[in-house]
Amino acid sequence: MKWGLPTIGLMACLATGCVTSTVDEMVFNEPEEGIGDASVVILGRRHASDYDTEPDFVNCVGNYVAARDNSIRLIGELEFINELYPWFEPRTAPMRPAAIERLLQQEPVARKLQELKLEYMIWVDGNTIRTDSAGSMTCGIGPGGGGCFGFGTWGNDSDYEATIWDFTDRAEVGRVNTTATGQSYMPAVVVPIPIIAPVQGTACDGIGAQLLEFLSAEY
Amino acid sequence: MSHSTTFDRRLAPVLPRLWVALLVAAGLSACGPARVTVEGEFPPPLIEPLPVTLGVWYDEEFAGHKFFDEAGTEGESDWIVATGEAQVKMWDTLLEGMFENLVHLEKAPGTGKANPVVDGVLIPHVDELQYAIPSHTSVKVYEIWMRYRFELVTADGDPIGEWTMTSYGKTPTAFLRSDKAAVNLAAVMALRDAGANFATTFTTVPAVQDWLRTTGAERGEQP
Numbered sequence: 000m001k002w003g004l005p006t007i008g009l010m011a012c013l014a015t016g017c018v019t020s021t022v023d024e025m026v027f028n029e030p031e032e033g034i035g036d037a038s039v040v041i042l043g044r045r046h047a048s049d050y051d052t053e054p055d056f057v058n059c060v061g062n063y064v065a066a067r068d069n070s071i072r073l074i075g076e077l078e079f080i081n082e083l084y085p086w087f088e089p090r091t092a093p094m095r096p097a098a099i100e101r102l103l104q105q106e107p108v109a110r111k112l113q114e115l116k117l118e119y120m121i122w123v124d125g126n127t128i129r130t131d132s133a134g135s136m137t138c139g140i141g142p143g144g145g146g147c148f149g150f151g152t153w154g155n156d157s158d159y160e161a162t163i164w165d166f167t168d169r170a171e172v173g174r175v176n177t178t179a180t181g182q183s184y185m186p187a188v189v190v191p192i193p194i195i196a197p198v199q200g201t202a203c204d205g206i207g208a209q210l211l212e213f214l215s216a217e218y
Numbered sequence: 000m001s002h003s004t005t006f007d008r009r010l011a012p013v014l015p016r017l018w019v020a021l022l023v024a025a026g027l028s029a030c031g032p033a034r035v036t037v038e039g040e041f042p043p044p045l046i047e048p049l050p051v052t053l054g055v056w057y058d059e060e061f062a063g064h065k066f067f068d069e070a071g072t073e074g075e076s077d078w079i080v081a082t083g084e085a086q087v088k089m090w091d092t093l094l095e096g097m098f099e100n101l102v103h104l105e106k107a108p109g110t111g112k113a114n115p116v117v118d119g120v121l122i123p124h125v126d127e128l129q130y131a132i133p134s135h136t137s138v139k140v141y142e143i144w145m146r147y148r149f150e151l152v153t154a155d156g157d158p159i160g161e162w163t164m165t166s167y168g169k170t171p172t173a174f175l176r177s178d179k180a181a182v183n184l185a186a187v188m189a190l191r192d193a194g195a196n197f198a199t200t201f202t203t204v205p206a207v208q209d210w211l212r213t214t215g216a217e218r219g220e221q222p
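As structure tokens, this is what we get:
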């Protein structure tokens, strides 16, 4: 029993690769009663020159929230930026809540946002990168069959920040930051066995859980 | 049954040559340039249309626009990316949403043929296009950069204004996404960016402001 937890931890690491994750949260004016019939949109920042926030990650965070509280009306990212084209493209997207005021001077935009009953706009900025890799693997094929031999390992780092804008007050009401690091392994004796560390998935769960706590009346 | 045996016997001496021919064909096709015809969906702009009748003329070079490595000829290029069809699709969608009336001209303005009554004619050109893929730059991003030149002329072809505008599209590398799919996505992003840039800056071009004043369609500053 004494060795139970470390053994389970080691087994979990061996099965999926180990991930270390940190979540920081700072929110104001949390809606105590939830957001009612208003809607929320989660958008990725794509203005940096060397990276894009992955659409899959934004989708993952949205799915996390929607799956746990189906009363929260989430608008899909692509649907939103298409309906409000060209105001949320990387070149034109508002960078500060104060810019919303100028955007609402465009009558069709103001009408559309009112129609969508948008209450919160959440911007996710960050990405997942491969940090290092080592090892080698040789694969061969012959008349009798094929196979691989060797060992490979690589690390992944995720760093994301979600910024919550209150659309009614035109103000930033919170920030959630998550970092996750993990090492994946691929030993191969005839057949390669990937042991993948779910780094991005852990970061998604970290941000998703905090956003759910902010938006939902049930959590 | 006997027919099948005869066929096999005839084919037998040719088979090695067939294999060689197939291998050569496969090799040649692998050496040829990667061809991409840009395809994408472009949303209409959420913008108050300007109360003018705009004519638009896409010349042959624009409507059939494609790009390849500047260093060589089309045949020597690693990539041939045809953007013409997507350009026309994007600009048609954008301009139809930006102006109360959009007229597609059948002839270039000022070529003698009577054009419909329009307040002005827009003629877009792609002056320059550059691209970068991860194998060129070792950065895990596919990029496309374009410089457009716009001519705004009267129905008779007299110049009203001329200006340039850039657009940029990029997409990161992704698991199981081919180079071709990534170049297509970067091109679609560049076209969307071109539309966004045009829609939000059109009324700030001095020549356009003067022209809008003459047509009585001037409107406030864009956000």
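Protein chains in written order, with numbering that gives the first Met the number 0: chain X, 0 to 218; chain F, 0 to 222.
Glycine is no exception: its CB is placed at the ideal position from the N, C-alpha and C atoms.
Everything numeric in this text was worked out from a predicted model, so none of it was measured.
The C-alpha of residue 28 of chain X is placed about 10 Å away from the C-alpha of residue 168 of chain X. With its beta carbon less than 8 Å from one in chain X, residue 138 of chain F belongs to the interface. Of all residues in the segment 159-172 of chain X, none places a beta-carbon less than 9 Å from a beta-carbon of chain F. By the Cβ neighbour-count rule, residue 138 of chain X is exposed, with fewer than 16 other Cβ atoms within 10 Å of its own. For residue 81 of chain X, the chain F residues whose C-beta falls within less than 7 Å of its own C-beta are 42, listed in chain order. Put simply, the backbone Cα of residue 98 of chain F is about 13 Å away from that of residue 197 of chain F.
The C-beta distance from residue 108 of chain F to residue 154 of chain F rounds to 6 Å, short enough to fall under 8 Å. Taking 8 Å as the threshold, the shortest C-beta distance from residue 183 of chain F to chain X does not fall below it.
Closest in C-alpha terms to residue 170 of chain X, from the list X/119, X/107, X/41 and X/39, comes X/119.
Contact note: residue 171 of chain F reaches chain X through 50, 51, 53 and 126, using a C-beta cutoff of 9 Å and chain order. In the same chain as residue 79 of chain X, and ignoring 5 residues on each side of it, the C-beta atoms closer than 6 Å to its own belong to 40, in chain order. Apart from sequence neighbours up to five positions away, the residues of its chain that approach residue 71 of chain X with a beta-carbon distance below 7 Å are 34, 39, 64, 65, 214 and 215, ordered along the chain. At a cut-off of 8 Å between C-beta atoms, residue 111 of chain X counts as an interface residue with respect to chain F. Rounded to the nearest angstrom, the gap between the Cα atoms of residue 192 of chain X and residue 186 of chain X is 6 Å. Taking C-beta separations shorter than 8 Å and ignoring five residues to either side along the sequence, the partners of residue 82 of chain F in its chain run 37, 64, 65, 66, 125, 128, 186 and 190, following chain order.
Residues of chain X whose Cβ lies closer than 7 Å to the Cβ of residue 190 of chain F do not exist; the shortest such Cβ separation is about 11 Å. Below the 7 Å Cβ cutoff, chain X contributes no neighbours of residue 143 of chain F, its closest Cβ being approximately 13 Å away. The distance from the Cβ of residue 42 of chain F to that of residue 84 of chain X is about 4 Å, consistent with a contact at the 8 Å cut-off. For the C-beta of residue 95 of chain X, not a single chain F residue is nearer than 9 Å; the gap to the nearest is close to 13 Å.
Within a 10 Å sphere around the beta-carbon of residue 145 of chain X sit fewer than 16 other beta-carbons, which makes this residue exposed. Under the three-state reduction of DSSP, residue 134 of chain X is assigned to strand. Taking 8 Å as the cut-off, the beta carbon of residue 181 of chain F is found no closer than this to the beta carbon of residue 165 of chain F.
Counted as a single uninterrupted DSSP element, the alpha helix (DSSP H) harbouring residue 214 of chain F occupies residues 205-214. Contact annotation, residue 53 of chain F with residue 101 of chain F: C-beta distance approximately 6 Å; criterion of less than 8 Å satisfied.
Measuring C-alpha to C-alpha distances from residue 19 of chain X to each of X/188, X/209 and X/183 identifies X/183 as the nearest. Counting only Cβ-Cβ distances below 7 Å, residue 130 of chain X has no contacts in chain F at all, with the closest Cβ about 13 Å away. Close CB contacts of residue 205 of chain X within its chain, under the 6 Å cut and outside five residues either way in sequence, are with 20, 22 and 177 (chain order).
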